[in-house]
Amino acid sequence: MGSLPFTTSDLHTSTGGFLSSPTLLCTPLMGTTVDQMLIEMHKAKEIGADIVEIRLDCLRNFNPNSDLQILIKQSPLPTLVTYRPVWEGGQYEGDETKRQDALRSAMELGANYIDIELEVAHEFNNSIYEKKPDNFKVIVSSHNFHNTPSAEAIGNLVARIQATGADIVKIATTALDITDCARIFQITVHSQVPTIGIVMGERGLISRLLSPKFGGYLTYGALEAGAISAPGQPTARDLLDLYNFRLIRPDTKVYGIIGKPVGHSKSPLLFNAAFKSVGLNAVYVHFLVDDVEKFFNTYSSVDFSGCSCTIPHKEAALKCMDEIDSIAKKIGAINNIVRKPDGRLVAFNTDYIGSISGIEDGLRGLNGAIPAGKSPLAGKLFVVLGAGGAGKSLVYGAAQKGARVVCANRTFERAKELADKVGGQAMTLEEVENFHPEEGMILANTTSVGMKPNVDDTPISKQALRHYCLVFDAIYTPKETRLLREAKETGAAVVYGTEMLIRQGFEQYKNFTGLPAPEELFRELMEKHA
Ligand code: ATR
8 MGSLPFTTSD
18 LHTSTGGFLS
28 SPTLLCTPLM
38 GTTVDQMLIE
48 MHKAKEIGAD
58 IVEIRLDCLR
68 NFNPNSDLQI
78 LIKQSPLPTL
88 VTYRPVWEGG
98 QYEGDETKRQ
108 DALRSAMELG
118 ANYIDIELEV
128 AHEFNNSIYE
138 KKPDNFKVIV
148 SSHNFHNTPS
158 AEAIGNLVAR
168 IQATGADIVK
178 IATTALDITD
188 CARIFQITVH
198 SQVPTIGIVM
208 GERGLISRLL
218 SPKFGGYLTY
228 GALEAGAISA
238 PGQPTARDLL
248 DLYNFRLIRP
258 DTKVYGIIGK
268 PVGHSKSPLL
278 FNAAFKSVGL
288 NAVYVHFLVD
298 DVEKFFNTYS
308 SVDFSGCSCT
318 IPHKEAALKC
328 MDEIDSIAKK
338 IGAINNIVRK
348 PDGRLVAFNT
358 DYIGSISGIE
368 DGLRGLNGAI
378 PAGKSPLAGK
388 LFVVLGAGGA
398 GKSLVYGAAQ
408 KGARVVCANR
418 TFERAKELAD
428 KVGGQAMTLE
438 EVENFHPEEG
448 MILANTTSVG
458 MKPNVDDTPI
468 SKQALRHYCL
478 VFDAIYTPKE
488 TRLLREAKET
498 GAAVVYGTEM
508 LIRQGFEQYK
518 NFTGLPAPEE
528 LFRELMEKHA
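Convert by adding 7 to the 1-based position in the sequence shown; the result is the number in the working numbering.
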């Protein structure tokens, strides 16, 4: 797929200027009684929603004559009334005339919006022709619970919806891949009519988060995580507080973390808080990516300005880059990608910088002043346990700083191969037990030994730790591993895995923005949300 036109200039073309009205946040009410819905609408207002969607099909004993009046008149927010039939993914199974009658009553009682399904929209719109109150709008919706059709098919669908006399077009499709969202963005950006574009499912999340960027009329945010009205819907609170929904504009730069799974990542929390703290016009989202190459080919505009990269894409992403930092290339893994203004993708590995700088600072604390420009690692004997991805980062990072590197691994051959690359020494884990050519060595564990749930395990005996002045553990669950506890007991300085985690984040922030990282803010948030 070629480069899609997601640029600010496109938004200018479609609207003749920047969108004047920002995207609305609508919270669906899913209560089964009128009383529940009344409570929910007040909660929605408290959270900060702009509109509530009254889902009449959720009500158990719905009585249009009395209930509509109460719900519409007592709502503290503008109302969107939907009465979704089973044949369009809703819960209403009754008579179609009664359903449409209820929607017409809602309009007469002062509802601000009615959502009517494309299938019956002609008939419905004809029935209310010239009866529409001022400030009342009909949303004509189409839902596809299987996939997201081609751009051409979606274009035709939009035309059909417009032909019904819709005031607002709504298209909801299903994401089989995150790149499906791009076709919906193209629609909302270019549409002449106000358009709601939603791609359902967890792979469609960005269609909801980024709707203010791409000119969507409205997006849905659930009242609570367990009360979503469609798959993949974020909560209103997350939209507002985690993703800074109100700050997103057509020219907002998009960053994110690509991974699979990725929903657990706390990076959006850190970066969005950091962007907000300095007033940077940028947002950082979760990108659930299956195919890295397809992702970069699709979201290729400079508006997609960079990303963090986590498992399982750290190696696969390498081949999509235009330029790779020399150490990252040697390590063979990247975790930080920046798009330059000319569109080129440049990649880094900040994991090694995070751990190495943590260890350097730990040594500075021990040894006091080190001549400027000289690493406290220079000349030190540095033992790395493990030869996987993290092991490589530490081995190359330490070698670059002038340390004499020893790589020890359960599988000797892997240690040998890695050690040879930096002119270091290789050994098995057992051999480390009796390895002490000198005192004051540095130890870095990158094996998974000691990680939750096996917190009683440790990769090296306490006895052997006596010869080390500083011990680092890449494991951060738990924060204090048995290895670090025993290292402290033998008098060594320790550097926690959490330190690597946070410092790699500082580096990513610097690479993304060219600004110094708000270190205190990152630390506070990590502490609070770890
Ligand atoms: P990562 O990218 O996090 O470094 P990895 O590439 O899977 O993960 O590497 C895991 C490292 O932990 C390897 O060095 C592995 O040793 P092998 O090369 O012999 O597999 C090491 N490791 C994992 N489980 C271990 C165990 N129970 N005892 C010792 N080493 C272990």
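From the three backbone atoms N, C-alpha and C, an ideal C-beta is built for every residue, glycine too.
None of the values given here were measured: they were computed from a predicted structure.
Is Ala243 near Thr34, with beta carbons less than 9 Å apart?
-> Reading the sequence shown from its first residue, position 236 is the one you call residue 243. Reading the sequence shown from its first residue, position 27 is the one you call residue 34. In contact: Ala243 and Thr34 (Cβ atoms closer than 9 Å).
Length-filtered (4 minimum) alpha helix (DSSP H) runs lying within the stretch 374-437 | Listed in chain order, the complete alpha helix (DSSP H) runs (minimum 4 residues) inside the stretch 374-437 are 396-407, 419-428.
Return helix, strand or coil for Ser272, following the three-state DSSP convention.
-> As a position in the sequence shown, residue 272 is number 265, starting the count at 1. It is coil, neither helix nor strand.
Opposite Ile265 in the DSSP bridges: which residues?
-> For the purposes of this step, residue 265 is taken as residue 258 along the sequence shown, with counting starting at 1. In the DSSP output, where bridge partners are listed per residue, Ile265 has Phe294, Cys316.
Please confirm whether Ser362 and Ser308 have their CB atoms less than 9 Å apart.
-> Residue numbering aside, residue 362 sits at position 355 when the sequence shown is read from its first letter. Residue numbering aside, residue 308 sits at position 301 when the sequence shown is read from its first letter. Taking 9 Å as the cut-off, the Cβ atoms of Ser362 and Ser308 do not count as close.
Is the Cβ-Cβ distance between Asn342 and Gly393 less than 9 Å?
-> Looking up residue 342 in the sequence shown gives position 335. Looking up residue 393 in the sequence shown gives position 386. For the 9 Å CB-CB criterion, Asn342 and Gly393 do not form a contact.
Could you give the distance in angstroms between the alpha-carbon of Thr454 and the alpha-carbon of Lys267?
-> By one-based count along the sequence shown, residue 454 stands at place 447. By one-based count along the sequence shown, residue 267 stands at place 260. Cα to Cα, the separation comes out at about 22 Å.
Could you tell me how far apart the beta carbons of Val412 and Met448 are, in whole angstroms, since I believe they sit closer than 8 Å?
-> Here the question's residue 412 lines up with position 405 in the sequence shown. Here the question's residue 448 lines up with position 441 in the sequence shown. The pair is not a contact, with the Cβ atoms about 11 Å apart (cut-off 8 Å).
In or out: Asp427 buried (at least 16 other Cβ within 10 Å) or exposed?
-> As a first step, residue 427 must be located in the sequence shown, where it is residue number 420. Classification for Asp427: exposed.
Out of curiosity, what's the CA-to-CA distance linking Ile58 and Thr86?
-> Here residue 58 refers to the residue found at position 51 of the sequence shown. Here residue 86 refers to the residue found at position 79 of the sequence shown. Rounded to whole angstroms, Ile58 to Thr86 spans 6 Å at the Cα level.
Just to confirm, are Ile161 and Thr180 a CB contact at a threshold of 9 Å?
-> For this step, residue 161 is matched to residue 154 along the sequence shown. For this step, residue 180 is matched to residue 173 along the sequence shown. Cβ atoms of Ile161 and Thr180: closer than 9 Å.
Which class does Glu202 belong to by DSSP, given the choice of helix, strand or coil?
-> Counting from one through the sequence shown, the residue named residue 202 turns up at place 195. A small fix is needed here, since residue 202 is Thr in this sequence, not Glu. DSSP, read as helix, strand or coil, puts Thr202 in strand.
Spatial neighbours of Lys321 in its chain, beta-carbon cut-off 8 Å, leaving aside the 5 residues before and after = The count along the sequence shown starts at 1 and reaches residue 321 at position 314. Close CB contacts of Lys321 within its chain, under the 8 Å cut and outside five residues either way in sequence, are with Ala340, Ile341, Asn342, Gly396 (chain order).
Three-state class that DSSP yields for His536 in the structure shown | Numbered from its first residue, the sequence shown carries residue 536 at position 529. In this structure, His536 counts as helix in the three-state DSSP scheme.
Give the single residue among Tyr306, Leu352, Leu164, Lys139 whose Cα lies nearest to the Cα of Leu217.
-> Reading the sequence shown from its first residue, position 210 is the one you call residue 217. Checking every option, the nearest Cα to that of Leu217 belongs to Tyr306.
With which residues is Leu32 paired in a DSSP beta bridge?
-> Along the sequence shown, read from residue 1 onward, the residue named residue 32 stands at position 25. BP columns for Leu32 point to Thr226.
Going by alpha carbons, who is nearest to Asp74 out of Ala51, Ala118, Trp94?
-> Residue mapping note: residue 74 aligns to position 67 of the sequence shown, counting from 1. Closest by C-alpha distance to Asp74, out of Ala51, Ala118, Trp94, is Ala118.
In this structure, does DSSP put Glu95 in helix, strand or coil?
-> Here residue 95 refers to the residue found at position 88 of the sequence shown. Correct three-state label for Glu95: helix.
For Glu60: DSSP bridge partner residues | Numbered from its first residue, the sequence shown carries residue 60 at position 53. Among the bridge pairs identified by DSSP, Glu60 is matched with Pro35, Leu87.
Alpha carbon to alpha carbon, how far is Val501 from Ser148?
-> On the sequence shown, position 494 is the one that residue 501 refers to. On the sequence shown, position 141 is the one that residue 148 refers to. Their Cα atoms are separated by approximately 59 Å.
When you compare only the Cα positions, how much space is there between Asp480 and Arg190?
-> Residue 480 sits at position 473 when you count from the first residue of the sequence shown. Residue 190 sits at position 183 when you count from the first residue of the sequence shown. Straight across, the Cα-Cα distance linking Asp480 with Arg190 is about 44 Å.
Less than 9 Å separating the beta-carbons of Leu164 and Leu212?
-> Locating residue 164 in the sequence shown gives position 157, where the first residue counts as 1. Locating residue 212 in the sequence shown gives position 205, where the first residue counts as 1. Cβ distance not < 9 Å, so Leu164 and Leu212 don't count as in contact.
Quick one: what does DSSP say His197 is sitting in, helix, strand or coil?
-> The residue labelled residue 197 in the question sits at position 190 within the sequence shown. It is helical.
Are three or more beta carbon pairs between the stretch 231-239 and the stretch 488-500 nearer than 8 Å?
-> Flag = no, the stretch 231-239 and the stretch 488-500 do not touch.
Starting from Lys543, trace the alpha helix (DSSP H) both ways and give me its first and last residue.
-> Any property of residue 543 remains undetermined from this structure, which presents the chain solely from 8 to 537.
Are at least three pairs of beta-carbons, each pair with one atom in the stretch 323-338 and one in the stretch 481-490, less than 8 Å apart?
-> Three or more beta-carbon pairs separated by less than 8 Å are not found between the stretch 323-338 and the stretch 481-490, which leaves the two stretches without contact.
With distances taken from CA atoms, which of Asn279, Gln199, Thr39, Ala109 is nearest Leu254?
-> Translated into positions along the sequence shown, residue 254 becomes position 247. Among Asn279, Gln199, Thr39, Ala109, the Cα nearest to that of Leu254 is on Asn279.
Could you tell me the distance, in whole angstroms, from the CA atom of Glu137 to the CA atom of Val200?
-> As a first step, residue 137 is located in the sequence shown; it is residue number 130 there, counting from the start. As a first step, residue 200 is located in the sequence shown; it is residue number 193 there, counting from the start. Looking at the two C-alpha atoms, the distance is approximately 20 Å.
Strand pairing of Thr242, partner residues [DSSP] = By one-based count along the sequence shown, residue 242 stands at place 235. Note: Thr242 sits in a beta bridge opposite Ala229.
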